[in-house]
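The next block holds one structure in the form of structure tokens; read it before the comments.
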Amino acid sequence: MELVEMIYRFTEVFPEQERYGLTAQLRRAAISLPSNIAEGAARRSTPDYARFLSIARGSLSELDTQVQIAVRLGYSNTEDEDIVSQQVDQVFAKLTALMNALRRRGAAP
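Residue numbers for the sequence shown follow the working numbering, so the first one is 2 and each next one is one higher.
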């Protein structure tokens, strides 16, 4: 959830012309992370949970790429990118650890 809040703050300064473009895309990718984790956790099977974690990790990679694009376009500075990227790295590591734990239990996609 912290990453979602960070992305909303990160995109507040984007130009109006990006409202329905990169701003919306970044926010959707950020929101999909906890949403997919929650949906997977609510499933009755471990393989389903693992599949939704994989989707969340894909959204996280998408988000990371979009943050880099925003910086390259001059919509944000590298200091903000560093803060967001650190959070992305932490979430990625946690998701990977959880996925590996599920794999060890035989629930890998």
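Cβ atoms here follow ideal geometry from the backbone N, Cα and C, with glycine treated the same way. If you're wondering where the values come from, they're calculated on a predicted model, not measured in any experiment.
Residue i in three-state terms, based on DSSP
i: V92; result: helix
i: G59; result: helix
i: Y41; result: The sequence given here has Gly at residue 41, not Tyr. DSSP places G41 in helix when its eight states are reduced to three.
i: R20; result: coil
Cβ distance (whole Å) where residue i is taken to contact residue j below 8 Å
i: F11; j: V85; result: 6 Å
i: V1; j: L4; result: Any property of residue 1 remains undetermined from this structure, which presents the chain solely from 2 to 110.
i: L54; j: V89; result: Not confirmed; about 16 Å, so no contact.
Contacts around residue i, its chain only, beta-carbon distance under 6 Å, and the 5 residues preceding and following it disregarded
i: Y76; result: F15
i: R20; result: none
C-alpha distance - residue i paired with residue j, whole-angstrom precision
i: R58; j: V72; result: 22 Å
i: R52; j: N37; result: 9 Å
i: E82; j: I70; result: 10 Å
i: Y9; j: V68; result: 12 Å
i: Q87; j: T66; result: 14 Å
Same chain only: Cβ atoms within 7 Å of residue i, ignoring 5 sequence neighbours per side
i: I32; result: V5
i: L99; result: L54
Contacting residues, own chain, Cβ-Cβ under 8 Å from residue i (five flanking each side not counted)
i: M2; result: P35
task: Examine the Cβ distances between the segment 94-107 and the segment 40-59 and report whether three or more of them are shorter than 8 Å.
output: Judged by Cβ distances under 8 Å, the segment 94-107 makes contact with the segment 40-59, as three or more pairs qualify.
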